[in-house]
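Scroll down for the structure; my scribbles are underneath it.
Number of protein chains: 2
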Amino acid sequence: MAVDLRPSQALKLLHDLNHEMVRDDDRDLSARQITILLTVYLEPPPHTVRGLAAKLNVTKPVITRALDTMGRMELLQRRRDPADRRNVVVQRTVKGALYVERLGDLVVAKAKELPL
Amino acid sequence: MAVDLRPSQALKLLHDLNHEMVRDDDRDLSARQITILLTVYLEPPPHTVRGLAAKLNVTKPVITRALDTMGRMELLQRRRDPADRRNVVVQRTVKGALYVERLGDLVVAKAKELPL
DNA sequence: AAGGATCGTTTCGGATCCGTATCATTTCAG
DNA sequence: CTGAAATGATACGGATCCGAAACGATCCTT
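Residue numbers (this note's numbering), protein chains in the order written: chain A, 1 to 116; chain B, 117 to 232.
As structure tokens, this is what we get:
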């Protein structure tokens, strides 16, 4: 329990962050896509379509389509589960790891710029 | 320069935040809409369509449509500038202020829960 | 081996959003 | 007073996303 933040700082952080992401990224990820991406990169594997859908409280097609999109961007990749070939395991990619790392650094930088 | 955050904490914060917003809001605001909303609520008025478009680096119709949408949600309201009736000033609403306040509190709460 | 259950994908109709181009209104300079 | 400039709104075609339902592939029980 360490990161203390006042509401005004929180809102400015949120604003600056969204501003930055909207401003330069032509094709920005939606909130759902970011949540999926971060879930895969932060929580322990394996990640299945069904599991992600349940965790995010959305339907399975939403996950399938998000994987299509982010797969095309090479931020994530599908792989069939060899043990149970009905399952699809969602895995990280080098490009995705870089993207996530950049995202984290952006938040850190914006937080550091916040006024007291 | 006060709010220190490690990248792993930043990513978890981002994840938890997006997760929360995706999970319960059926109809979530886009990154652009959130940026517009927070700009109006955090930066000093007046806010015009043209000004917001320039600040966010998007076209004017994007702002017009966002105002349509968020106006229907009563998070913002338009008003004609009496001094120059070509201008539209974007103003806050009670409902919008509550929404923004809730958003700020959510970030604060999620930040407080972060592991050291 | 057969039937049902599970999983991810696809299809469908509908809604939303985008940027470009155009439009109506208002202001202002000559 | 008239025409150009500026502002926000609208029309349009295209892209994307949504949830519900149907579908094919795979597994599992019996």
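Even for Gly, the Cβ is constructed at its ideal location relative to N, Cα and C.
8 Å Cβ cutoff met for residue i and residue j
i, j, result
"residue 89 of chain A", "residue 102 of chain A", "no"
"residue 15 of chain A", "residue 155 of chain B", "yes"
"residue 112 of chain A", "residue 119 of chain B", "yes"
"residue 76 of chain A", "residue 37 of chain A", "yes"
Three-way DSSP call (helix, strand, coil) for residue i in this model
i, result
"residue 230 of chain B", "coil"
"residue 39 of chain A", "helix"
"residue 58 of chain A", "coil"
"residue 119 of chain B", "coil"
"residue 130 of chain B", "helix"
"residue 64 of chain A", "helix"
"residue 78 of chain A", "strand"
"residue 208 of chain B", "strand"
Euclidean distance between Cα positions of residue i and residue j
i, j, result
"residue 18 of chain A", "residue 179 of chain B", "15 Å"
"residue 9 of chain A", "residue 115 of chain A", "7 Å"
"residue 57 of chain A", "residue 95 of chain A", "27 Å"
"residue 91 of chain A", "residue 166 of chain B", "43 Å"
"residue 163 of chain B", "residue 97 of chain A", "38 Å"
"residue 169 of chain B", "residue 158 of chain B", "16 Å"
"residue 109 of chain A", "residue 84 of chain A", "43 Å"
"residue 144 of chain B", "residue 32 of chain A", "9 Å"
"residue 187 of chain B", "residue 122 of chain B", "37 Å"
"residue 87 of chain A", "residue 74 of chain A", "20 Å"
"residue 127 of chain B", "residue 181 of chain B", "31 Å"
Of the residues the options, the one placed nearest residue i, counting alpha carbons only
i, options, result
"residue 197 of chain B", "B:169, B:151, B:161", "B:161"
"residue 216 of chain B", "B:170, B:137, B:122", "B:137"
"residue 285 of chain B", "B:122, B:121, B:129, B:123", "Outside the modelled stretch of chain B, which goes from 117 to 232, sits residue 285 of chain B, for which no answer is possible."
"residue 220 of chain B", "B:190, B:200, B:150, B:202", "B:150"
"residue 55 of chain A", "B:139, B:127, B:171, B:144", "B:139"
"residue 69 of chain A", "A:86, A:5, A:30", "A:30"
The ligand GTP heavy atom lying under 7 Å from the CB of residue i
i, result
"residue 73 of chain A", "Absence of the ligand GTP from the depicted structure is noted, as is the absence of any ligand whatsoever, leaving it without description."
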